[in-house]
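Novice:
Numbering (the working numbering), first residue to last: 292 to 717.
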């Protein structure tokens, strides 16, 4: 590996770590997320040009910030906007001219947390569509390229590029302020931020399409964003609830995929492969959520369900009655057909397949679940446990036809074939 290649990799690593902080600080300065990203990209280009010759600076983040801010100041001057901004920028602009990069970096540390929090709320603003919020959040806060986002969600690169461009234009045209919402708006806006992070995590944890059962990099990005948010909003219980849920779910990642990339279902997983460090971190985050009075929050409730699995050394030791009770509460807090389907699974494990099937059958006419592959999948599982193998086979085949994930389709077809053999139809 050449020195130039090593430098290129170092620059990529620095960018992934520092880009969100960089864009957030610039957005506070220029009050435009799109322009902030442009100035940050200018600094990245400068690093790609200079660092292979000079080496990576001792404080690369501060170097990038200083370079980007100088570009921004020059732009403001050319546009004759410096006078209007001068009072807002104050000593920060003046000190930039003669302050060494490490000192500038230290001076900015006091505000960077607030800047990142502002950037999260802007990226997840309700004026944007859900898909656009996800793309913009991964771009600005996750440091992912357009190509990486497109690859992760299996959509064309131009589609992601258009979403990001449209997002920046929409934010600018709507004059969305670069600020944390006031107390009246905070709860609703925070739920949007949490939703986006969890959407990213779920796409990584159980990919909706493609050839891979999981996309671990997306899980890692979502978990990193969740941890950052928990540090920025330490008194918000649902933030800790979401982090707890993602930590515990992530602990099972190695056990969820077999040697050939095939899915391994929860009750068949090798629990020795579960990451105990992530479990401990998740349980600690759940305790923080509950201590802050958030035990009944949607994410905290889901984390508590995940914790029941994490605490069970064997599948037989799982406290299914407790899980069923938690799902009963979750169904009251955030009623939805998907929650009801999961509740049916829990009740089947706690009280028998007949109890679960009764709940599932009540959902078969639910319009929002008509194309949802997990409905026939769950129904097939319950029918199989009741010995109704022909009906189970048909359900598994229907589920296989509905899923967009190749690995999951193979699993469902294998289960359908097993039912056929069991009923003597093979």
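The C-beta atom is built at its ideal place from N, Cα and C for all residues, glycine as well.
Rounding to the nearest angstrom, what Cα-Cα distance links residue 693 and residue 335 in this structure?
Specialist: Cα-Cα distance, rounded: 43 Å.
Novice: Between which two residues does the alpha helix (DSSP H) harbouring residue 667 extend?
Specialist: Residue 667 -> alpha helix (DSSP H) spans 665-676.
Novice: State the DSSP-derived secondary structure class of residue 548, mapped to helix, strand or coil.
Specialist: It is a strand residue.
Novice: Identify whether residue 695 lies in helix, strand or coil by the three-state DSSP scheme.
Specialist: If DSSP states are grouped into helix, strand and coil, residue 695 belongs with the strands.
Novice: Alpha carbons only, please: which of 356, 456, 350 and 348 is nearest the one belonging to residue 324?
Specialist: The shortest Cα separation from residue 324 among 356, 456, 350 and 348 belongs to 456.
Novice: With a CB to CB cut of under 6 Å and the five nearest residues on each side skipped, what residues in its chain are close to residue 691?
Specialist: Correct list, in chain order: 700, 703 and 704.
Novice: Just to confirm, is the Cβ distance from residue 343 to residue 309 under 8 Å?
Specialist: No, these two residues do not count as a Cβ contact at 8 Å.
Novice: Using only the alpha-carbon positions, how far apart do residue 432 and residue 516 sit?
Specialist: Their Cα atoms are separated by approximately 7 Å.
Novice: Helix, strand or coil: which one does DSSP assign to residue 256?
Specialist: Past the edges of the chain, shown from 292 to 717, lies residue 256, and the structure says nothing about it.
Novice: Any idea if residue 428 is buried or exposed, counting beta-carbon neighbours within 10 angstroms, 16 or more meaning buried?
Specialist: Buried, by the Cβ-count rule.
Novice: If you measure between the beta carbons of residue 484 and residue 520, is that distance less than 8 Å?
Specialist: A contact, by the Cβ cut-off of 8 Å.
Novice: I'd like the span of the alpha helix (DSSP H) that includes residue 341, first residue to last.
Specialist: From DSSP, the alpha helix (DSSP H) with residue 341 extends over 324-345.
Novice: Tell me whether residue 348 sits in a helix, a strand or coil according to DSSP, three-state version.
Specialist: Residue 348 falls in the coil class under three-state DSSP.
Novice: For residue 584, would you say it is in contact with chain B, using Cβ-to-Cβ distances shorter than 8 Å as the test?
Specialist: The structure shown contains no chain B; it holds only a single protein chain.
Novice: Which class does residue 447 belong to by DSSP, given the choice of helix, strand or coil?
Specialist: Residue 447: coil per DSSP, three-state reduction.
Novice: Taking the alpha helix (DSSP H) that residue 524 belongs to, which residues open and close that run?
Specialist: Neither: residue 524 is in no alpha helix (DSSP H) and is coded neither H nor E.
Novice: So, at 6 Å on beta carbons, what are the nonlocal neighbours of residue 621 in its own chain, with the 5 sequence-adjacent residues on each side left out?
Specialist: Once the five neighbours on either side are set aside, the close Cβ partners of residue 621 are 592 and 630.
Novice: What alpha helix (DSSP H) runs, 4 residues minimum, are completely inside the stretch 623-654?
Specialist: For the stretch 623-654, whole alpha helix (DSSP H) runs of length 4 or above, ordered along the chain, are 628-642 and 644-652.
Novice: Out of curiosity, what's the CA-to-CA distance linking residue 490 and residue 610?
Specialist: Roughly 28 Å between the two C-alpha positions.
Novice: Is it buried or exposed for residue 608, if we count other Cβ within 10 angstroms and need 16 for buried?
Specialist: Answer is exposed; the Cβ neighbour count stays below 16.
Novice: Starting from residue 423, trace the alpha helix (DSSP H) both ways and give me its first and last residue.
Specialist: Residues 421-431.
Novice: For residue 287, name the three-state secondary structure that DSSP assigns.
Specialist: It is not possible to answer for residue 287, since the shown part of the chain is limited to 292 through 717.
Novice: Within a Cβ cutoff of 7 Å, which residues of the same chain sit near residue 399, ignoring the five residues on either side of it in sequence?
Specialist: Interpretation of residue 399 is limited by its pLDDT of 35, a score under 50 that renders its predicted location unreliable; no figure is taken from the coordinates.
Novice: Have a look at residue 558 and residue 467 and give me their C-alpha separation to the nearest angstrom.
Specialist: In a straight line, the C-alpha of residue 558 is about 47 Å away from that of residue 467.
Novice: Could you say which of 368, 696, 589 and 613 lies nearest to residue 600 if we only look at CA atoms?
Specialist: Taking only the C-alpha atoms, the option nearest residue 600 is 613.
Novice: What are the start and end residues of the alpha helix (DSSP H) that includes residue 742?
Specialist: Outside the displayed span of the chain (292 to 717) sits residue 742, for which this structure offers no information.
Novice: Does the stretch 648-656 touch the stretch 666-675, meaning 3 or more C-beta pairs lie closer than 8 Å?
Specialist: With the cut-off at 8 Å, the stretch 666-675 and the stretch 648-656 touch.
Novice: How about residue 494 and residue 444: do their beta carbons lie closer than 8 Å?
Specialist: Their beta carbons are under 8 Å apart, which means residue 494 touches residue 444 by this criterion.
Novice: What residue from 414, 535 and 676 has the CA that sits closest to residue 487's CA?
Specialist: Closest option to residue 487, Cα to Cα, is 414.
Novice: Around the C-beta of residue 397, are 16 or more other C-beta atoms found within 10 angstroms, so that it is buried, or is it exposed?
Specialist: Because residue 397 sits at a pLDDT of 40, beneath the cut-off of 50, its placement in the model cannot be relied upon, and the following sentence gives the value as read from the coordinates. Exposed.
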